[in-house]
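These notes concern the structure reproduced below.
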Amino acid sequence: MPLTQSTRDGHLLLVVSGGFTIFQAAEYKPQLLGVLDNADDVLELDLSACDELDTAGLQLLLLLRREATAQYKQLLLGGAGPAVKNVLDMLQLQDLMRVDPTALSTSVSASMQGLA
């Protein structure tokens, strides 16, 4: 499954792999919002294995960020692959959707260990 949930440092970690496009939007939306509802105060989203992002996927990211803010939770981008970085750069959203490079190396290794 392209969405993999685990925990790291006491908070939820969600790894998105493959495409994050209009073709996955209807399936991902309730899953993403459900994971956010279950998160205590931080949800870490790792998009380092996401190889495609379109405007529908971006809308879901922005919705998730808005809902996290409304619930007084923090959405942390622990990693972003080249496709995600390109879209964020092209639309000048780097400041709004910041990638935490310190979380990337630990979140990827932690999620892979949890999946093995």
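Here the sequence shown is numbered in numbering that gives the first Met the number 0, starting from 0 and rising by one per residue.
Backbone N, C-alpha and C define an ideal beta-carbon position, used for all residues, glycine too.
Small disclaimer: the values here were computed from a predicted structure and weren't measured.
Legend entry - Chain-order list of residues whose beta-carbon lies under 7 angstroms from that of Leu74 (same chain, five-residue window excluded): Leu42, Leu44, Leu63, Arg64, Ala67
Legend entry - Proximity winner among Leu59, Cys49, Arg97, Asp99, relative to Gly33 (alpha-carbon distances): Leu59
Inset, instruction - Measure the alpha-carbon distance for Val98 versus Ala79 and round it to whole angstroms. - result: 7 angstroms
Legend entry - Beta-carbon spacing of Lys117, Asp40 below 8 angstroms: For residue 117 there is no data in the structure shown, the boundaries of the chain being 0 and 115.
Inset, instruction - Sort out for me which residues DSSP pairs Leu125 with in a bridge. - result: Since the first residue shown for the chain is 0 and the last is 115, residue 125 is missing from the structure and cannot be characterised.
Inset, instruction - Report the rounded CA-to-CA distance for Asp8 versus Gln91, giving the unit in angstroms. - result: 30 angstroms
Inset, instruction - For the stretch 16 to 47, list the alpha helix (DSSP H) runs that are entirely contained and at least 4 residues long, ordered along the chain. - result: 21 to 37
Inset, instruction - State the Cα-Cα distance for the pair Asn85 and Leu76, rounded to the nearest angstrom. - result: 15 angstroms
Legend entry - C-beta contact flag for Leu2 and Asn37 at 8 angstroms: no
Inset, instruction - Counting only the same chain and skipping the five closest in sequence on each side, list residues whose C-beta sits under 7 angstroms from that of Gly18. - result: Asp50, Glu51
Inset, instruction - Can you tell me which of the three DSSP states Gly56 falls into? - result: helix
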